[in-house]
Each structure stands twice: as structure tokens, then as C-alpha cells.
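Quick note, the sequences are listed as chains A and B, same order. Per the numbering used here, the very first residue in the first sequence carries number 25; after that it's consecutive. Per the numbering used here, the very first residue in the second sequence carries number 945; after that it's consecutive.
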Amino acid sequence: MHIIESGNVAAAWGVKLSKAQVVAAYPITPQTPLTEKLSELIESGEMKAQYIPVESEHSALAVCIAASTTGARAFTATSANGLLYMNEQIHWAAGARLPLVMCVVNRGVGAPWTIWNDHQDSMSQRDTGWIQIYACDHQQIIDTVIKAFRLAETVSIPVMVCYDGYLLSHTYMPFDVPDETQVDRFLPSYRPERFLDPNMPANFNTVTLPESRPDLQGEPAPGYMEFRTLLHKDMRNALNTAADIEQAFSEAFGRGGDPFIEAWRCEDADCIAVALGSLAYQLRDVVDVLREEGIRAGVAAIRIYRPFPDEAVFRLLAGAKKVIVFEKALSYGYEGPLCADIKSALYAHLSSLPERPDVQGVILGLGGREIKTDDLVDVFRQSCKDDRASGKTKWLGLAQKQL
Amino acid sequence: MQAKTSILSLPEEEFIHPGNRACSGCGLGIAYRIGLKALGKDTILVVPPSCLTVLQGLYPIASTKLPCLNVTFASTAAGATGVLGALKALGRTKTTVAAWAGDGGTGDIGIQALSGASERQENFIYICYDNEAYMNTGVQRSGTTPHGALTSNTPLLGKLQQKKDVPSIMSAHGIPYVASCSAAYPLDLYDKIRKARTITGTRYIHIHTPCPSGWGFDPKYTVKMGQMAVQSGLFDLYEIENGQFRLTGPSAKLMTTGKMADVEDYLKSQRRFRILSAEQISQLRQQIQTKWDGYRKALS
Ligand SMILES: Cc1ncc(C[n+]2csc(CCOP(=O)(O)OP(=O)(O)O)c2C)c(N)n1
Ligand code: SF4
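(1) Contact criterion: CB-CB distance below 8 Å. Does Y1003 of chain B meet it with respect to chain A?
(2) Quick one: is the Cβ of G1158 of chain B within less than 7 Å of any heavy atom of ligand 2?
(3) Are the CB atoms of I157 of chain A and V183 of chain A nearer to each other than 8 Å?
(4) Out of B:I1137, B:E1223, B:K1235, which one is the CA nearest neighbour of S1176 of chain B?
(5) When you compare only the Cα positions, how much space is there between D1132 of chain B and C1125 of chain B?
(6) Flag N438 of chain A as yes if its beta-carbon sits less than 8 Å from any beta-carbon of chain B, otherwise no.
(7) Specify the secondary structure class of P244 of chain A as computed by DSSP and reduced to three states.
(8) Along the segment 1010 to 1031 of chain B, where does the CB come closer than 9 Å to a CB of chain A? Name the residues.
(9) Run down chain A in chain order and give the residues with a C-beta less than 9 Å from the C-beta of Q1056 of chain B.
(10) State the start and end residues of the unbroken beta strand (DSSP E) segment that holds I76 of chain A.
(11) Taking all protein chains shown into account, decide if E957 of chain B is buried (16 or more other Cβ within 10 angstroms of its Cβ) or exposed.
(12) Closer than 7 Å by C-beta to L211 of chain A: which residues in its own chain qualify, once you throw out the five before and the five after it? Chain order, please.
(13) Should A1196 of chain B be listed as close to ligand 4, given that the test is whether its C-beta is under 7 Å from any heavy atom?
(14) Which two residues bound the contiguous alpha helix (DSSP H) that contains I57 of chain A?
(15) Quick one: is the Cβ of C363 of chain A within less than 7 Å of any heavy atom of ligand 2?
(16) To be precise: take each residue of the segment 970 to 996 of chain B, compare its Cβ to all Cβ atoms of chain A, and keep it if any distance is under 8 Å. Which residues remain?
(17) Given this structure, state the Cα-to-Cα distance separating F1010 of chain B from G1160 of chain B, to the nearest angstrom.
(18) Below 8 Å on the Cβ atoms is my contact criterion, and I expect K1108 of chain B with G1051 of chain B to pass it. Report the Cβ-Cβ distance as a whole number of Å.
(19) Give the residues of chain A in contact with A1042 of chain B, contact being defined as C-beta atoms less than 8 Å apart.
(20) Please confirm whether G95 of chain A has its beta-carbon closer than 8 Å to some beta-carbon of chain B.
(21) Does the beta-carbon of P198 of chain A, which I'm using as the reference point, lie nearer than 7 Å to any heavy atom of ligand 1?
(22) List the DSSP bridge partners of N964 of chain B.
(23) For Y356 of chain A, does the count of other Cβ atoms within 10 angstroms reach 16, so buried, or fall short, so exposed?
(24) Please list the partners that G1246 of chain B has in chain A, where partner means a Cβ-to-Cβ separation under 8 Å.
(25) Answer yes or no: do I1055 of chain B and V1122 of chain B have a C-beta to C-beta separation smaller than 8 Å?
(26) Out of curiosity, what's the CA-to-CA distance linking S376 of chain A and G343 of chain A?
(27) Would you mind reading off the limits of the beta strand (DSSP E) that contains F99 of chain A?
(28) Does any C-beta atom of chain A lie closer than 8 Å to the C-beta of L1220 of chain B?
(29) Verify the CB distance criterion: does W116 of chain A have a CB-CB separation below 8 Å to chain B?
(30) At the level of alpha carbons, what is the spacing between F1189 of chain B and Y1182 of chain B?
(31) Specify the secondary structure class of V386 of chain A as computed by DSSP and reduced to three states.
(32) With 16 other CB atoms within 10 Å as the buried threshold, where does T1201 of chain B fall?
(33) Excluding the 5 residues flanking M1204 of chain B on each side, which residues of the same chain have their C-beta closer than 8 Å to its C-beta?
(34) With P198 of chain A as the anchor, note down where its beta strand (DSSP E) starts and where it stops.
(35) Tell me, which residues are paired with A1045 of chain B by DSSP?
(36) What did DSSP end up calling A1173 of chain B once you bin it into helix, strand or coil?
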């Protein structure tokens, strides 16, 4: 079924089709219409789930954590300060290895207040042990939510599905709503091995010592560090699982593609732009303009950001002369976090590179600062032409005179 | 009305293994053992960081025979909400959901989630064990620490403010059942939790649990300490059922006999009150008097 709707509604349809059983959420712009839609679907009986209107984001994720541990498929969504307010719970969910899915409708964080889009919110949660996937359009939002549940439940790691506030959440686009019975086949119901059950009492998330310790049968049980290492290992393996799931999805629904990076005109590109979310699609127009000028440009949308698909990144970028990382987030006092990750992926595979591509970071669009396609063309063209990048991060769209 | 439980009719089945990590003489140990008997086998527990986390044991060994979800400090009532939501979604609605938290986890950091859940009338039993400070982190003041008590962060002057009255706050939410009890009166505690199980909606039970390590008394006097708090009229045992207040057990008896013990004996037997002046003690006496006058008026 093709419909024209907002990105938030696309996400809500994804959650409904995934048959989430418990939804808990707290309002924050621009996430609000997503969970409002879910409350409507649940109240009207169209979706069979418990909707729990909690009193804070901290509680929203706490409800999902507990519901998931009890054996239900659980979902929540938030943005910006709501996400930050969940921080303690975000670590907890990953440490407890719960297959939660949360939409993060990206928004800049306060202070000062802003409601507009950038990626500082989800980037600040990068190291919490959640898988992070960024969607570029509405079709990806709805499809990614469904795939995210299957991924989370296969690897027992929670997944954030991130998409741009307003640019995607509130704009209308046509997209296909997958068929329910096909989704049921693709995503069977959630059946955890262990859950809170009086017939099988167990203590979940107990105090754990640094060292490994024997259980009552004398078998060694993991210490805290083993638990952490397992999470890391399983996160790395999740790249393979994500690829398998992408494959299964394409076979079932006839669309999808690369689970890691979506490349546009990169095959023969000398100069590749890298970005997350809707910006990557905006950059396609820029690439088309530069190609007409004879510049061999391409753009890569990083879809899965944690675990970082470093090998795929390396494979795609190895042949380029220039890599320009456009990003709406900043690791204060250093550079854009994605830029640092791209450099590190290239460095990790340095020995097999004939020549290292030059990497230029560009920070733009913070707090919703308008990103003009013409400006993108200028900075992209300039960066492609520069002999070697200065190494210094560039800023796009700054009111220079004020600085 | 349900029949009163006696020591002979108390169920034998234990849900807490002998040998746990609480200090010797811990009042929580008594309350937890009896409370779990009252909750019964078909129960899921939700527990935030506290002395109870320690009592429960270290991974991979547990001292409790009921399923338990450890949650973050502020999220106990939300955790219980999530368990309930999932049980409803899965059609497993017979199971009792009980949150069990310390006074700091309840009256301070957890009060937002607890208030939210109570307003939503979530169908769980919330049990707060009140050892009157943050014991797990080494005896710092909590909102429920009494006036004048020395703690590790009110080390010289004692706590300057009054004890926060959490049961009253809970009662103001219009929940169907609020009760206070004491580890020193386990049968009263048992019967109140049993009664709570028969009620639907958010139920709140506040248990006074003397703490030898934090209060500064010999572990063999735990029960005596709890009894003195009740007998002096300082900590009262009552129920608020659908808004109706009723003193119970020893506190009800105090009302009829009027034979209240002097609170000074209670204060003098604990190191945490050692700097209380005669004036502070007489002020406290006065406060107890005023509180009981209020009870008398309300109940007449
Ligand atoms: C967010 C957060 N802040 C602080 C702590 C540290 N902490 C753990 S237990 C505790 C005190 C618990 O006090 P209470 O709830 O009264 O229970 P008790 O230990 O006295 O039994 C504190 C402050 C924590 N675990 N989480
Ligand atoms: S510190 Fe107090 S409350 Fe905590 S275990 Fe020891 S006696 Fe019990």
C-alpha cells in the first residue's frame, strides 16, 4: 500500500506492523506526533498493545526495560533533551542486553534551547552500547523500524533508529507500507529464553564483581568485564547479522540494499562526500551538479553508525582522493565525531592503501541552521579542488562576521 | 475483615535463603522475610540500588527465591509499571508485582516515578523500607532522616530539617491503600501486605526498619528499637483504606490506654541522636503530643 504521510507516521506504522506490545513515551518535539499516532492506533484498537503515558523519559525507558525483561516487545521514542534525560536507562538497557527499539527524532540539545534539527543528541549517546541506524527518507524509516526489531532480537542489543527532526519527521513523502502478513513472516513474535517468571525465579542485573566467580554448580560465571567484552563482540558481529537481515528483507519486500553504506555515484569517484540521514540525499543533487562540471564526485550515506562498518567504509573510500565528511554534530575541542571515525577506519587499513585519501571535515546545520544546496556545492567543489586539506575542520553557513 | 495471623498460622515456606549479605541484626532482613511470605510465590519483585541489592547477593548467586528485576535508582515505580504492562500484554495478569525500595529510593530520587505511577493507578504494591538514611552508600541523610540525627553528611549538627512524611504524600494521590508498619511487629506487617494483595490499584506500604549499623545500637536490640519507636508514639502503625485512617495493633492500643513511653529512652539508646539537646527532645515530645491530639480529634 502506497501512502503519502509524514516521517513520524511512517515510524508509527513500522511500530504497528512490528507488533510492539508495550509502548511508553513522553512528549518532546519533534518526536511527539509519532507517539501520539501510536496512542491513537492503540486506543482505537487498531494496534493491540499497552500504551503507557509516563511522567518522564527516564520512566519511559524504564518501562520498556522492565517490559522487555518480562518478555514483551517494547518501543519508545524521543528527541534531544528527552534522550539525554534517559541516559542512565540507555546504558542500562544495553548492559541488560534487551532488544528494545527506540526512534530518535534528531534535534539539537539545550542550552540555549533549540527545537530544530542536528545530530548532537544521538551522537552524544554513541558509546552507550546501542546499535545506531540513520534513515535518509520515509521508506527507510518504516523499513528500518521493522528490521531493527529483528536485528535487536537476534543479537540481544537495543537499536536506535535515528531520523532528522522536521526534515523527515514533519515532511510528507510517498512510501510503501509493507504487507502485514509478510511482516509477520519476516519478524516472528518475540520469545526470549529468559524472562521474569515466578516458575523460573532469577535475579536480573545483579551486582557483579570485577572478577569471574563460580556459580552454585562450580561453573565460572562472567565477571563485569566479561559481560562488557561480550557486548562489544556481539556488537561487532551484529554487522554480519544486519547484512543477513538486509538480504532477507530485500528478498521478502523487493527493496533495500546495502545495510551499511548507501553509495551514490561513487564507483569512479575521486571525491566522496560522507553524511548521515537526509543530508546524504541532499548531497546527491550537489554531486549531480559537480558531475556536470566534470568533477568526479559521489556521496556515501552511512546507514549503520554503531557498530561502525569500518571495512565497508574503507572499501568504498579507498580509491578516492578526497573524502569530505559533512556532519551536524561536534565533539567539542576536537572535530566532528563521524569525521574522526572515518579517519580511524582509513588508518586501520592503512597498510593496504596505495595512497591515503585526504579527509576534510565540515560542520554544518547545527541547531537547524539552514543548509543551502548552493553552499554545499561551493564547499564540496572547493574541497575537491584543494590540493591537500588543511586538516582543520571547516564550518559551513556560519555568520562569519559575528565570530 | 481477614483473620489476624498468629505466629502459628504464618506460612512456613521461605522465599529468602538462610545466609544473606545484610548486616547482622538488620531490620530489613525481618521485614523482607515476612513480607515475601505475604506476597507469595507468584510475585515479581522490582528493586533499586539499596541495602536490599546487597542483601540479594552477588552474581551469579541470589538469596531470594522470587524473580527479581534490579532497576536504576530513580525508576522503581516505572520498572514495576513496565512489568505490569508486559504481563497485561502477555495475558499473565494473576502475578503480583511488588516494588521494594529504601526510603531514599522512594521519598527522594524515586518519588517522581512513584508519583506518576500512583496517578496512573498502576496495579502494584510498592513497599518502602525506611531505615531513615542512605545506608547503602554509608549513612548519608535522606528526606526521611529524622530531625537531629547525625549522618555522614550531617556529621556535626545533625539533620536540620524534619522527616518527610511519605505515606501522607502517597495518600494524597488518592490511592486505595496506604499502610505503615514496623519490622518489630511482623504479624501486623504480614497482614497488611496480605490485605494489600486483595486490593486493586496502587498500594503503598511503609515499613520502619531499624538499622544497627546506621543508627548506632547493638544488633541484638533491633526489635526492641522498633518497638520503642512505636510505643513512644514516634512511628505509628496505621492504614488509610480508601481515605479512611485507622490506627492498628500496638498504635491502636496506645490510643486506648494512653500509656505512651517517653521518646527520650528511644533517642538515648542510639548514637545517631547523641547530640540532641534537652530542648530538642522536649520539642519532639511536643510534636508527638500534637500529632496524637490530631489523631484523637480525627478519630473521635
Ligand atoms: C542515580 C544514582 N545516584 C546515586 C546512586 C548511589 N546510591 C546507591 S544506593 C544509595 C542509597 C540508597 O538509600 P535508600 O534508598 O534509603 O536505601 P538503603 O541503602 O538505606 O537501604 C545511593 C545514593 C545510584 N545508585 N544511582
Ligand atoms: S546498613 Fe542497616 S539497613 Fe543496611 S544492611 Fe546494614 S543494618 Fe541493614
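C-beta: ideal position from N, C-alpha, C; glycine also.
Quick answer:
(1) For this step, residue 1003 of chain B is matched to residue 59 along the second sequence. So, interface residue.
(2) Mapped onto the second sequence, residue 1158 of chain B falls at position 214. Yes, since a heavy atom of ligand 2 falls inside the 7 Å radius drawn around the Cβ of G1158 of chain B.
(3) Counting from one through the first sequence, the residue named residue 157 of chain A turns up at place 133. Counting from one through the first sequence, the residue named residue 183 of chain A turns up at place 159. Going by C-beta atoms, I157 of chain A is nearer than 8 Å to V183 of chain A.
(4) Sequence index remark: in the second sequence, residue 1176 of chain B carries index 232 (1-based). For the residues B:I1137, B:E1223, B:K1235, the minimum Cα distance to S1176 of chain B belongs to B:K1235.
(5) Taking the first residue of the second sequence as 1, we reach residue 1132 of chain B at position 188. Taking the first residue of the second sequence as 1, we reach residue 1125 of chain B at position 181. Each residue's Cα considered, the two are about 7 Å apart.
(6) Nothing can be reported for residue 438 of chain A, as the shown portion of chain A is limited to 25 through 427.
(7) Here residue 244 of chain A corresponds to residue number 220 of the first sequence, with the count starting at 1. Here P244 of chain A sits in strand by DSSP.
(8) L1010, P1011, C1012, L1013, N1014, V1015, T1016, F1017, A1018, S1019, T1020, A1021, A1022, G1023, A1024, T1025, G1026, V1027, L1028, G1029, A1030, L1031
(9) In the second sequence, residue 1056 of chain B corresponds to position 112, counting from 1. Here the neighbours are E79, S80, H82, S83.
(10) On the first sequence, position 52 is the one that residue 76 of chain A refers to. Looking at the DSSP string, the run of the beta strand (DSSP E) that includes I76 of chain A is 74 to 77.
(11) What you label residue 957 of chain B is simply residue 13 of the second sequence in a count that begins at 1. Per the 10 Å Cβ criterion, exposed.
(12) As a working note, residue 211 of chain A is residue 187 in the first sequence. Cβ neighbours of L211 of chain A beyond the five flanking positions: S42, I170, F173, R174.
(13) This structure lacks ligand 4; the ligands present are ligand 1 and ligand 2.
(14) The residue labelled residue 57 of chain A in the question sits at position 33 within the first sequence. The displayed chain sequence assigns Pro, not Ile, to residue 57 of chain A. Looking at the DSSP string, the run of the alpha helix (DSSP H) that includes P57 of chain A is 56 to 67.
(15) Against the first sequence, residue 363 of chain A aligns to sequence position 339. Incorrect: C363 of chain A has no Cβ contact closer than 7 Å to ligand 2.
(16) K985, D986, T987, I988, V990
(17) The sequence position of residue 1010 of chain B within the second sequence is 66, counting from 1. The sequence position of residue 1160 of chain B within the second sequence is 216, counting from 1. The question names Phe, yet the displayed sequence has Leu at residue 1010 of chain B. The straight-line gap from Cα to Cα measures roughly 32 Å.
(18) On the second sequence, position 164 is the one that residue 1108 of chain B refers to. On the second sequence, position 107 is the one that residue 1051 of chain B refers to. Rounded, the Cβ-Cβ distance is 5 Å, consistent with contact.
(19) The residue you call residue 1042 of chain B lines up with position 98 of the second sequence. By Cβ distance, chain A contributes nothing, its closest Cβ being about 12 Å from A1042 of chain B, past 8 Å.
(20) Counting from one through the first sequence, the residue named residue 95 of chain A turns up at place 71. Closer than 8 Å: yes.
(21) Within the first sequence, the letter at position 174 stands for residue 198 of chain A. False, no ligand heavy atom lies under 7 Å from that Cβ.
(22) Position 20 of the second sequence, counting from 1, holds the residue named residue 964 of chain B. DSSP lists no partner for N964 of chain B.
(23) Numbered from 1 along the first sequence, position 332 holds the residue referred to as residue 356 of chain A. Looking at its Cβ environment, which holds fewer than 16 other Cβ atoms inside 10 Å, Y356 of chain A is exposed.
(24) Any property of residue 1246 of chain B remains undetermined from this structure, which presents chain B solely from 945 to 1244.
(25) Stepping through the second sequence from its first residue, residue 1055 of chain B is reached at position 111. Stepping through the second sequence from its first residue, residue 1122 of chain B is reached at position 178. No, they are not a contact pair.
(26) One-based indexing of the first sequence puts residue 376 of chain A at position 352. One-based indexing of the first sequence puts residue 343 of chain A at position 319. Taking the straight line from one Cα to the other gives about 11 Å.
(27) In the first sequence, residue 99 of chain A corresponds to position 75, counting from 1. Element bounds for F99 of chain A: 98 to 102.
(28) Counting from 1 along the second sequence, the entry for residue 1220 of chain B is found at position 276. Not closer than 8 Å to any Cβ of chain A, the Cβ of L1220 of chain B fails to qualify, so no.
(29) As a first step, residue 116 of chain A must be located in the first sequence, where it is residue number 92. Yes, contact with chain B.
(30) As a working note, residue 1189 of chain B is residue 245 in the second sequence. As a working note, residue 1182 of chain B is residue 238 in the second sequence. Their Cα atoms are separated by approximately 7 Å.
(31) Taking the first sequence and counting its residues from 1, the one referred to as residue 386 of chain A is at position 362. Of the three classes helix, strand and coil, the one that applies to V386 of chain A here is strand, per DSSP.
(32) For the purposes of this step, residue 1201 of chain B is taken as the residue at position 257 of the second sequence. Classification of T1201 of chain B: exposed, given that the 10 Å Cβ count is below 16.
(33) Here residue 1204 of chain B refers to the residue found at position 260 of the second sequence. Cβ neighbours of M1204 of chain B beyond the five flanking positions: Q1175, S1176, G1177, L1198, I1232, W1236.
(34) Looking up residue 198 of chain A in the first sequence gives position 174. 196 to 200 is the extent of the beta strand (DSSP E) around P198 of chain A.
(35) Sequence index remark: in the second sequence, residue 1045 of chain B carries index 101 (1-based). In the DSSP output, where bridge partners are listed per residue, A1045 of chain B has B:C1072.
(36) The count along the second sequence starts at 1 and reaches residue 1173 of chain B at position 229. It is helical.
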